[in-house]
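Residue numbers (numbering that gives the first Met the number 0): 0 to 376.
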Amino acid sequence: MARTVHFHIGLPKTGTTFLQTTMWENRRALRQQRFLYPGSSRMDHYHASQEVRGASPARMRGNAGVWQRLVDELAAWDGDGLVSHEFMSMATPEQAKAAVAALAPAEVHLVVTVRSYVLQFPAVWQEALKMNSDLGFDAFMDKALAERPGKRGGLRGGWSWQSQDIPKVLGSWAQAVPADRVTVVTVPPPGAPRGLLWDRWREAIGIDDSAFDLDVSYANESLGAAQAALLERVKPHLSGPLEVGTVRHRWVRKYFGHEVLVPQRGERFGPRPHHVAELATRSAAAKDWIEEQGFGVVGDLDDLLSTAVPDGTHPGDVTDRELVDVAARAIEQMIRDVRELTMERDKLRARLRRKATHQPVGGARAVAGRIKRALRK
Numbered sequence: 000m001a002r003t004v005h006f007h008i009g010l011p012k013t014g015t016t017f018l019q020t021t022m023w024e025n026r027r028a029l030r031q032q033r034f035l036y037p038g039s040s041r042m043d044h045y046h047a048s049q050e051v052r053g054a055s056p057a058r059m060r061g062n063a064g065v066w067q068r069l070v071d072e073l074a075a076w077d078g079d080g081l082v083s084h085e086f087m088s089m090a091t092p093e094q095a096k097a098a099v100a101a102l103a104p105a106e107v108h109l110v111v112t113v114r115s116y117v118l119q120f121p122a123v124w125q126e127a128l129k130m131n132s133d134l135g136f137d138a139f140m141d142k143a144l145a146e147r148p149g150k151r152g153g154l155r156g157g158w159s160w161q162s163q164d165i166p167k168v169l170g171s172w173a174q175a176v177p178a179d180r181v182t183v184v185t186v187p188p189p190g191a192p193r194g195l196l197w198d199r200w201r202e203a204i205g206i207d208d209s210a211f212d213l214d215v216s217y218a219n220e221s222l223g224a225a226q227a228a229l230l231e232r233v234k235p236h237l238s239g240p241l242e243v244g245t246v247r248h249r250w251v252r253k254y255f256g257h258e259v260l261v262p263q264r265g266e267r268f269g270p271r272p273h274h275v276a277e278l279a280t281r282s283a284a285a286k287d288w289i290e291e292q293g294f295g296v297v298g299d300l301d302d303l304l305s306t307a308v309p310d311g312t313h314p315g316d317v318t319d320r321e322l323v324d325v326a327a328r329a330i331e332q333m334i335r336d337v338r339e340l341t342m343e344r345d346k347l348r349a350r351l352r353r354k355a356t357h358q359p360v361g362g363a364r365a366v367a368g369r370i371k372r373a374l375r376k
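The structure is reproduced here in structure tokens:
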């Protein structure tokens with residue numbers, strides 16, 4: 000069994016995508032220092048988080064058993080290992096205890112990345128908007144803040160207070176792991192040196208990155224205010240297959256959000272002043288709570304007090320003229336994308352036709368059938 004398993008539970012929107020992709024793309028270098036990031040893909044850790052949180056085999060479908068496969072890989076490993084997904088943050092105390100017990104006799108070290116709520120929630124809202132939420136930023140914040148710590152509110156799932164509440168999340172997992180094996184890593188505020196979060200992460204889990212390629216990772220970049228406002232307007236019009244979770248993830252979140260809107264490099268934004276005040280109060284309370292627990296800290300807990308809100312336009316105040324400009328640029332990008340895909344499709348069709356002319360009669364009929372099916376698509 001692995002000697003030590005570093006169990007990274009988020010929180011969501013604290014640089015997790017950047018950290019996970021950097022680690023995943025450098026798995027070979029990690030293995031050379033006897034450090035295992037298990038799985039056949041990064042998504043295995045997402046599916047594992049679902050099983051840890053009680054998802055049934057029927058819901059997991061083809062991904063059922065992935066948590067046990069990760070456990071088995073770690074059991075066969077002689078060295079250290081890592082499990083990492085931000086939705087582990089939503090585990091109950093009982094689920095956390097079961098997950099830690101499954102990794103025995105390895106010594107489990109809990110790693111939690113945390114950030115000022117003031118800086119975190121604009122990113123949380125955007126992620127919810129790209130997926131299953133139609134709420135505007137103001138309405139989202141009102142619901143999020145109505146969900147007092149320890150009480151259920153209007154938001155559900157990975158973007159609710161359930162996954163963001165630092166004392167609640169750490170309190171649940173600290174029932175499974177002693178305080179001296181819990182490390183809190185703070186996300187640096189805006190203006191900090193580039194790479195500081197990675198340096199803190201590297202220190203927290205004890206790896207050597209001298210042989211790493213640090214240019215292969217990517218971050219889950221944010222939308223600008225006008226771009227987010229456009230997506231908010233588009234969401235109610237999505238229908239048919241675009242309402243299905245996996246399809247929505249691929250085409251609304253990844254294509255329209257990350258490939259069309261993010262490259263526009265829109266103006267960054269923050270919450271309304273009254274929301275900032277409440278988030279700052281909760282961040283300060285979380286800082287005090289962490290200090291009382293005696294957890295290890297890599298970074299500076301004062302990072303949680305940052306209220307450095309960008310002075311860009313709030314998404315709720317974006318004008319129709321700004322929306323039209325963003326939409327026009329988005330449509331132009333999408334036309335170019337369709338053109339490139341159509342040209343590629345036409346090349347494939349021409350290749351099939353040329354192949355058909357050189358086939359024997361029987362083979363030609365088979366190729367003709369493939370061509371007809373392709374042309375109908």
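Just so you know, even glycine gets a beta-carbon here, dropped at the ideal spot from N, CA and C. These numbers come from a predicted model, not from an experiment.
Same chain, Cβ closer than 6 Å to residue i, neighbours up to 5 away in sequence not counted
| i | result |
| --- | --- |
| A307 | P188 and P189 |
| L195 | P187 |
| I165 | V113 and A285 |
| L144 | E277 |
| Q119 | K12 |
| G295 | T182 |
Distance CB(residue i)-CB(residue j) smaller than 8 Å
| i | j | result |
| --- | --- | --- |
| R33 | D79 | yes |
| L169 | W160 | no |
| H84 | A47 | yes |
| F17 | S216 | yes |
| G298 | A178 | no |
| A210 | A63 | no |
| M22 | L81 | yes |
| L229 | L322 | yes |
Anticipated Cβ contact below 8 Å, residue i with residue j, distance rounded
| i | j | result |
| --- | --- | --- |
| V117 | H5 | About 28 Å separates the two Cβ atoms, so there is no contact after all. |
| A95 | Q174 | 7 Å |
| K234 | D133 | 5 Å |
| E290 | L304 | About 12 Å separates the two Cβ atoms, so there is no contact after all. |
| A279 | L128 | Actually they are not in contact, since the Cβ atoms of A279 and L128 sit about 23 Å apart, beyond 8 Å. |
| F86 | Y36 | Not quite, the Cβ-Cβ distance comes to about 17 Å (not below 8 Å), so this is no contact. |
| R252 | M130 | 6 Å |
| G223 | R264 | 7 Å |
| H274 | M140 | 5 Å |
Cut-off 7 Å between Cβ atoms - residues of its own chain near residue i, not counting five sequence neighbours on either side
| i | result |
| --- | --- |
| D137 | R271 and G315 |
| A122 | K12 and S221 |
| D302 | S115, T185, V186, P187 and P188 |
| V176 | V99, V107 and L109 |
| R26 | Y36 |
Residue i (DSSP reduced to helix, strand or coil)
| i | result |
| --- | --- |
| G295 | strand |
| F211 | coil |
| G80 | strand |
| L102 | coil |
| H313 | coil |
| L169 | helix |
Paired residues, beta bridge with residue i - DSSP
| i | result |
| --- | --- |
| S216 | DSSP lists no partner for S216. |
| V183 | V111 and V296 |
| V4 | G80 and V107 |
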